[in-house]
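Converting from the sequence shown to my numbering requires adding 9 to each position, the first position being numbered 1.
Glycine is no exception: its CB is placed at the ideal position from the N, C-alpha and C atoms.
Being a predicted model, the structure only gives us computed values, none of them experimental.
Have a look at the structure below, then the notes.
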Amino acid sequence: MTDKAVPTPGIASIADTGVSAQTRTMLWILLIVYIFNFLDRQIVNILAEPIKGDLGLSDTELGLLAGPAFAVFYALLGIPIARYADKEGTNRVRLIALALAIWSAMTAVCGLAQNFVQLLLARIGVGVGEAGCTPAAHSLISDSVAPEKRSSAIAFYGLGVPIGSLLGLILGGIVNDLYGWRIALMLVGAPGLLLALAVLFLMREPRHHRPAEAAATASPAQLPAREAMREILSSRAFVYILIAASVTAFLGYGKALWTISFFIRSHGLSTTEAGLSMAVVLGLAGVFGTWLGGKCADVYGKRDKRHILTLPAYGMAIGAPILFLGYQMADWRVAVALLIVPTILNSAYYGPAYACVQGLVRPQARAVAASIMLFGQNLIGLGFGPFLFGVLSDALAPTYGEESVRYVLYGAAWLGLIPAFFFWRASLRLAAELKSG
Numbered sequence: 010m011t012d013k014a015v016p017t018p019g020i021a022s023i024a025d026t027g028v029s030a031q032t033r034t035m036l037w038i039l040l041i042v043y044i045f046n047f048l049d050r051q052i053v054n055i056l057a058e059p060i061k062g063d064l065g066l067s068d069t070e071l072g073l074l075a076g077p078a079f080a081v082f083y084a085l086l087g088i089p090i091a092r093y094a095d096k097e098g099t100n101r102v103r104l105i106a107l108a109l110a111i112w113s114a115m116t117a118v119c120g121l122a123q124n125f126v127q128l129l130l131a132r133i134g135v136g137v138g139e140a141g142c143t144p145a146a147h148s149l150i151s152d153s154v155a156p157e158k159r160s161s162a163i164a165f166y167g168l169g170v171p172i173g174s175l176l177g178l179i180l181g182g183i184v185n186d187l188y189g190w191r192i193a194l195m196l197v198g199a200p201g202l203l204l205a206l207a208v209l210f211l212m213r214e215p216r217h218h219r220p221a222e223a224a225a226t227a228s229p230a231q232l233p234a235r236e237a238m239r240e241i242l243s244s245r246a247f248v249y250i251l252i253a254a255s256v257t258a259f260l261g262y263g264k265a266l267w268t269i270s271f272f273i274r275s276h277g278l279s280t281t282e283a284g285l286s287m288a289v290v291l292g293l294a295g296v297f298g299t300w301l302g303g304k305c306a307d308v309y310g311k312r313d314k315r316h317i318l319t320l321p322a323y324g325m326a327i328g329a330p331i332l333f334l335g336y337q338m339a340d341w342r343v344a345v346a347l348l349i350v351p352t353i354l355n356s357a358y359y360g361p362a363y364a365c366v367q368g369l370v371r372p373q374a375r376a377v378a379a380s381i382m383l384f385g386q387n388l389i390g391l392g393f394g395p396f397l398f399g400v401l402s403d404a405l406a407p408t409y410g411e412e413s414v415r416y417v418l419y420g421a422a423w424l425g426l427i428p429a430f431f432f433w434r435a436s437l438r439l440a441a442e443l444k445s446g
């Protein structure tokens, strides 16, 4: 989510192959926006322990702040905002800029909170703002990139997840150790207000720059809400992908928060050490995995549409036992090393899954389709993942003490077999259900 990300050949190849200069500019700006999206969303993970100590929170309250406080409002607002984004007259660029300004301001406000309720309300504000970003961004990308490049293009946008998480872990850990968690939140929130202005000046809404005759043929009237929902949910492949992505998010968000607490509690790392260690796992490994997933989907999906989802399906199954071993290790360095491969494999789903979603429906329903995916991922994933992990940790604490988080993560590792199964089931439907446009 920020232009501080170091370009790599893999990243450049996604943004620069087979698209116009204008589309490349759009992809890079959207990537930066999404980096800020996840930086502001996930920085709470590395700040969880100092926030808990300062405000006197339980693990359940901490999970509530990291999950439902954000996710419920994000999920509930996502679908109506996506309906608005799908309207032909909507300027999606302005929508994204407004959303960015709101969530950035509310992230800075989080740093001013003096108690649990104030921080809860500020986190709700972050969720309200972020609800307007990704459905509109996916719709813009799908309108601008050919179907055979869509997995890579959406994966490029999806690099904002690991890069934003990486920067959040590094910046949050270092700034917290130097100046405290409040300054860390204000520091990452304020620059987003300037980025919102840059979005308005540097991006164009493609709908408003089509020739009149092209707009008439390329942009049929918006589908009625009931018809759009019927088309989306009638796709068996979509339903399988929705289940798989939602469970993936549930496990991913839960692990993102509590793996950091695990390294602090069970291995005695400081917030800076935990942030830098997890940056390698959640950041660099996630970047590579997200890129790899999009690239493999485009290359092998040309030969057989089933292979668009082959890497997510088999990768998550392979990653489960390795993840379990990582949580068992007594040496934190060995544990971090063992988490790298599962993180790569678990990150590979983003581009293929969301590209399939965009290809399973007509253009008039694309933003709504993406918002339903985000509804499941955020309400089930972000809404319940960190929260239920925290509840389970509190429940196990009388027996296992500080090690309670480790035992929660043991179970989370093996639950990765569930999305693996549903991605595999979805892959069997793609040849029959994917549309050509």
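Q367 to V377 span [Cα, whole Å]: Cα to Cα, Q367 sits roughly 10 Å from V377.
Residue closest to F259, alpha-carbon to alpha-carbon, out of G134, L388, S153 and G198: Checked all of G134, L388, S153 and G198; the closest Cα to F259 is L388.
Three-state secondary structure (DSSP) of P233: DSSP places P233 in coil when its eight states are reduced to three.
Reduced DSSP category for K444 - H, G, I as helix; E, B as strand; rest coil: K444 carries a coil assignment under DSSP once its states are collapsed to helix, strand and coil.
Nearest-angstrom Cα separation, counted from R438 out to L202: In a straight line, the C-alpha of L202 is about 43 Å away from that of R438.
Beta-carbon gap between F47 and G173 smaller than 9 Å: Going by C-beta atoms, F47 is nearer than 9 Å to G173.
Rounded C-alpha distance that separates L301 from G324: Spanning the two alpha carbons is a distance of roughly 11 Å.
For S65, the first and last residue of its enclosing alpha helix (DSSP H): Looking at the sequence itself, residue 65 is Gly, so the reference to Ser does not match. Premise fails: G65 is in no alpha helix (DSSP H) and is neither H nor E.
Inter-residue Cα distance where the pair is G399 and V417: It is roughly 9 Å from the alpha-carbon of G399 to the alpha-carbon of V417.
Status (buried if at least 16 other CB within 10 Å, exposed otherwise) for Q123: Here Q123 is exposed: its Cβ has fewer than 16 other Cβ atoms, across all protein chains shown, within 10 Å.
Proximity below 9 Å, CB of S255 to CB of G390: Yes, they are a contact pair.
Simplified DSSP assignment, three categories, for A131: If DSSP states are grouped into helix, strand and coil, A131 belongs with the helices.
Cβ neighbour criterion (16 or more within 10 Å) applied to T408: The residue in question, T408, is exposed, as its Cβ has fewer than 16 Cβ neighbours within 10 Å.
Exposure of K304, with buried meaning 16 or more beta-carbon neighbours within 10 Å: In the assembly as shown, K304 is a buried residue. Its beta-carbon has 16 or more other beta-carbons within 10 Å.
Contacting residues, own chain, Cβ-Cβ under 6 Å from S151 (five flanking each side not counted): In its chain, beyond the 5 residues on either side, Q367 and R375 have a beta carbon closer than 6 Å to the beta carbon of S151.
Given P395 as reference, the closest of L40, L74 and I41 once Cα atoms are compared: Selected option, being the one with the closest Cα: L74.
Neighbour-count burial assignment, Y262, 16 or more Cβ in a 10 Å radius: Y262 is classed as buried because its beta carbon has at least 16 other beta carbons within 10 Å across all chains shown.
Three-way DSSP call (helix, strand, coil) for T99 in this model: DSSP places T99 in coil when its eight states are reduced to three.
Cβ shell of H316 (< 7 Å), same chain only, five flanking positions each side left out: Within the same chain, Y309 and G310 come within 7 Å of H316 by CB-CB distance, once the 5 residues on both sides are set aside.
Supposed contact pair G335 and G425 - C-beta distance, whole angstroms, cut 8 Å: Not a contact, Cβ separation roughly 12 Å.
Sequence-distant residues of its chain with Cβ nearer than 7 Å to T143 (five each side left out): The beta carbon of T143 lies closer than 7 Å to those of A379 and L383 in the same chain, with the five residues before and after it left out.
Selected residue, minimal CA-CA separation from I252, among L332, P428 and C119: Selected option, being the one with the closest Cα: P428.
Of the residues A435, L354 and D313, the one placed nearest T299, counting alpha carbons only: The option with the nearest alpha carbon to T299 is L354.
Same chain, Cβ closer than 8 Å to L56, neighbours up to 5 away in sequence not counted: Same-chain partners within the cutoff: G181, N185, W190, A193, L194 and T280.
Simplified DSSP assignment, three categories, for Y358: In the structure shown, Y358 falls within a coil segment according to DSSP collapsed to helix, strand and coil.
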